[in-house]
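Let me begin by presenting the structure, written as structure tokens, before commenting on it.
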Amino acid sequence: MVSPIVHGIGGSVVGMSALGEIRTASATYDAQYDPIVIRGGEVFAGPRLVHIVDGDQTILVDPDETIPDSDIHTREAIVVRRHTVVRTRPFKDEEFDVAEMQEMVSGGADIVIDSTHVAAWLDDNAALVVLGMAAFFEISTLTDWVTVPLYALAAGAIATGIVGAEKMPLRQSFAFALLVGVVSVIVGWLLWSVSLSPGCLAIPVWGTFVTLPTVGYALLRS
Numbered sequence: 003m004v005s006p007i008v009h010g011i012g013g014s015v016v017g018m019s020a021l022g023e024i025r026t027a028s029a030t031y032d033a034q035y036d037p038i039v040i041r042g043g044e045v046f047a048g049p050r051l052v053h054i055v056d057g058d059q060t061i062l063v064d065p066d067e068t069i070p071d072s073d074i075h076t077r078e079a080i081v082v083r084r085h086t087v088v089r090t091r092p093f094k095d096e097e098f099d100v101a102e103m104q105e106m107v108s109g110g111a112d113i114v115i116d117s118t119h120v121a122a123w124l125d126d127n128a129a130l131v132v133l134g135m136a137a138f139f140e141i142s143t144l145t146d147w148v149t150v151p152l153y154a155l156a157a158g159a160i161a162t163g164i165v166g167a168e169k170m171p172l173r174q175s176f177a178f179a180l181l182v183g184v185v186s187v188i189v190g191w192l193l194w195s196v197s198l199s200p201g202c203l204a205i206p207v208w209g210t211f212v213t214l215p216t217v218g219y220a221l222l223r224s
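Note that the working numbering numbers the sequence shown so that position 89 is 91, with each residue one more than the last.
So, in structure tokens, the structure goes:
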């Protein structure tokens, strides 16, 4: 039960944090940008375009293509044109049709993005955002239910193999490794929450995190 609880709490915290950040940004939107209107499958915007470059990422809403694609030099970008939204990444580009997105989001009704409309949407959907993030985080627990026992079994087998089954039966080393695995889930979420997640190194890091304490415990018991 620890993993679902941790993920649920984590998702709720992230959802509430996201709400706060969106509210803060929406309050100053009108001072920096013109409203964005999506009507009839087309995007319309005034001369004060949304054009944000943050490190190696770009967000551009430019339906009249006053800024050509050749002027975008970041590795990742989301570019909104009159009829398409293009997401560019190092290994994959994706293009979405504005009309299809409008139909999916609003059922074809006009969409207006400015301070007033964003604030009103947040007021109406705050609970949905928080619950949605909590549900999203809960999905990852399905992976935990599989990977944690597998890591624990492997770590337990290594520990038992080192000290011998007579000194540390597999069931005991597995139980200890399983406990360490649960702790690793909590530690992993805490690292993620402060942007210190090991990312693609998670598998070897997690394996080491579970195995070393288990072997150490077996050696101390032997």
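Backbone N, C-alpha and C define an ideal beta-carbon position, used for all residues, glycine too.
#### Entry: Segment contact, 8 angstroms Cβ cut-off, at least three pairs: the stretch 108-118 with the stretch 26-36
yes
### Query
Comparing alpha-carbon positions, which option in Arg83, Val185 and Phe178 lies nearest Leu155?
Phe178
### Query
According to DSSP, what are the bridge partners of Glu96?
Partner(s): Arg89.
### Message
Our contact map puts His53 next to Ile69 with C-beta atoms below 8 angstroms; I'd like the distance itself, whole angstroms only.
### Response
7 angstroms
### Message
Give me the residue from Ser186, Leu172, Ser108 and Asp66 with the minimum Cα distance to Thr210.
### Response
Nearest to Thr210 by C-alpha distance, out of Ser186, Leu172, Ser108 and Asp66, is Ser186.
### Task
Give the straight-line distance between the Cα atoms of Asp73 and Ala161, rounded to the nearest whole angstrom.
57 angstroms
### Message
Less than 8 angstroms between the beta carbons of Gln104 and Gly48, yes or no?
### Response
no
### Message
Using CA atoms only, rank isn't needed, just tell me which of Asp125, Tyr31 and Ala157 is closest to Pro215.
### Response
Ala157
### Query
With C-beta atoms as the reference, is Asp95 less than 8 angstroms away from Val81?
no
### Query
Which class does His53 belong to by DSSP, given the choice of helix, strand or coil?
The answer is strand: DSSP assigns His53 an E or B state.
### Query
Which residues bound the beta strand (DSSP E) around Ala79?
Glu78 to Val82
### Message
Determine whether the beta carbon atoms of Glu67 and Arg83 lie at a separation below 8 angstroms.
### Response
Closer than 8 angstroms, so yes.
### Task
Quick one: which unbroken beta strand (DSSP E) runs of 3-plus residues sit fully inside the stretch 156-188? Chain order, please.
none
### Query
Is the shortest distance between the beta-carbon of Arg223 and the beta-carbons of chain B less than 8 angstroms?
The structure shown contains no chain B, having only a single protein chain.
### Under the three-state DSSP convention, the category Pro105 falls into
Correcting the residue type first, residue 105 is Glu in the shown sequence and not Pro. Note: Glu105 maps to helix in three-state DSSP.
### Sheet register partners of Val39 (DSSP bridge)
Phe46 and Val114
### Task
Would you mind stating whether Gly183 and Val150 have Cβ atoms separated by less than 8 angstroms?
yes
### Query
Just the Cα atoms here: how many angstroms apart are Gly57 and Ala121?
28 angstroms
### Task
With a threshold of 7 angstroms, establish whether the CB of Leu62 neighbours any heavy atom of the ligand COA.
In the structure on display, the ligand COA does not appear, and there are no ligands present to speak of.
### Query
What distance in whole Å lies between the Cβ atoms of Ile164 and Ala220, which are believed to be in contact at a cut-off of 8 angstroms?
6 angstroms
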